[in-house]
Amino acid sequence: KAGVTQTPRYLIKTRGQQVTLSCSPISGHRSVSWYQQTPGQGLQFLFEYFSETQRNKGNFPGRFSGRQFSNSRSEMNVSTLELGDSALYLCASSTAGTGGHEQYFGPGTRLTVT
Amino acid sequence: AQSVAQPEDQVNVAEGNPLTVKCTYSVSGNPYLFWYVQYPNRGLQFLLKYITGDNLVKGSYGFEAEFNKSQTSFHLKKPSALVSDSALYFCAVRDGDAGRRALTFGSGTRLQVQP
């Protein structure tokens with residue numbers, strides 16, 4: 472089975488712009504979660520989608536949004552980019568996303584905001 | 401609420417020696433515990449998990465972890481470290497009795513194995 476894929480792998484944007492990141496989960500996985508990883512804050516949960524519905528949300532401002540399509544692929548969008556949004560954005564998929572189901576991570580998208 | 405703590409930012413060990421990476425957790429209900437490893441410029445890779453049953457869990461690459469309910473700990477161990485084990489390790493927890501809750505990750509521990 473192919474793993475979780477994320478596109479693009481690297482991105483450079485200017486402050487004030489918006490960006491869309493894409494994630495394709497492992498085939499058959501219906502849960503997709505997004506995380507932001509920075510050296511200072513570690514790994515922070517953004518949101519989780521299951522069957523096109525947002526099931527959990529982390530403590531991020533409304534500039535961060537996401538969606539999931541019927542084929543389980545997911546996108547996250549960040550509007551009005553700030554310098555502090557520079558980070559590695561990780562997507563993870565799981566069969567159900569709850570209980571004892573582990574998550575499988577993609578390689579991440581490295582976003583740099585200048 | 402659920403939380404996890406990794407008290408050591410970095411662990412240094414010589415190749416061939418046993419290694420331990422510490423993790424403690426806090427949940428209201430039954431804990432579901434996970435260990436992940438991250439190599440440079442890569443996403444996280446799943447190593448092992450504890451859901452129920454035997455307190456000693458075996459995972460990938462020779463790693464194992466011991467669940468200790470009384471001490472609320474889930475330490476990662478390996479009998480003989482390899483230089484290639486050098487990476488960033490994350491512990492994560494989910495409260496099994498709290499419905500569809502997201503995973504909470506620890507701050508990570510950098511493992512450095514010296515030749």
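Line by line, the protein sequences are chains A and B. Taken in order, the first sequence gives residues 472 to 585; the numbers are from our numbering. Taken in order, the second sequence gives residues 401 to 515; the numbers are from our numbering. No residue lacks a Cβ here, since even glycine has one placed at the ideal position from N, Cα and C. Keep in mind it's a predicted model, so treat the numbers as computed, not measured.
1) Where do the ends of the beta strand (DSSP E) carrying B:A492 lie?
2) Is there contact between the region 453-472 of chain B and the region 472-486 of chain A, where contact requires at least three CB pairs shorter than 8 Å?
3) DSSP puts B:L448 in a beta bridge; with which residues?
4) Taking 8 Å as the threshold (C-beta atoms), are B:G506 and A:L561 in contact?
5) Could you pull the start and end residues of the beta strand (DSSP E) that B:T420 belongs to?
6) Using a Cβ-Cβ cut-off of 8 Å, state whether B:A502 counts as contacting chain A.
7) Taking only beta-carbon atoms, is B:L444 less than 8 Å away from chain A?
8) Would you list, in sequence order, the uninterrupted beta strand (DSSP E) runs of no fewer than 3 residues that lie entirely inside the region 481-552 of chain A?
9) By the three-class DSSP mapping on this structure, what secondary structure does B:V483 have?
10) Counting only Cβ-Cβ distances shorter than 9 Å, please list the residues of the region 449-469 of chain B near chain A, keeping chain order.
From the atom records:
1) Position 92 of the second sequence holds residue 492 of chain B. First-last of the beta strand (DSSP E) with B:A492: A487 to D495.
2) no
3) As a first step, residue 448 of chain B is located in the second sequence; it is residue number 48 there, counting from the start. Beta-bridge pairing links B:L448 to B:W435.
4) Here the question's residue 561 of chain A lines up with position 90 in the first sequence. Here the question's residue 506 of chain B lines up with position 106 in the second sequence. Not closer than 8 Å, so no.
5) Stepping through the second sequence from its first residue, residue 420 of chain B is reached at position 20. Where B:T420 is concerned, the enclosing beta strand (DSSP E) stretches over L419 to V421.
6) Counting from 1 along the second sequence, the entry for residue 502 of chain B is found at position 102. Answer yes: the Cβ-Cβ gap between B:A502 and chain A drops below 8 Å somewhere.
7) As a working mapping, residue 444 of chain B is identified with position 44 in the second sequence. Taking Cβ atoms only, chain A reaches closer than 8 Å to B:L444, which makes this a yes.
8) 481-484, 490-495, 502-509, 513-521, 524-528, 535-539 and 545-549
9) In the second sequence, residue 483 of chain B corresponds to position 83, counting from 1. The answer is helix: DSSP assigns B:V483 an H, G or I state.
10) K449, Y450, I451 and T452
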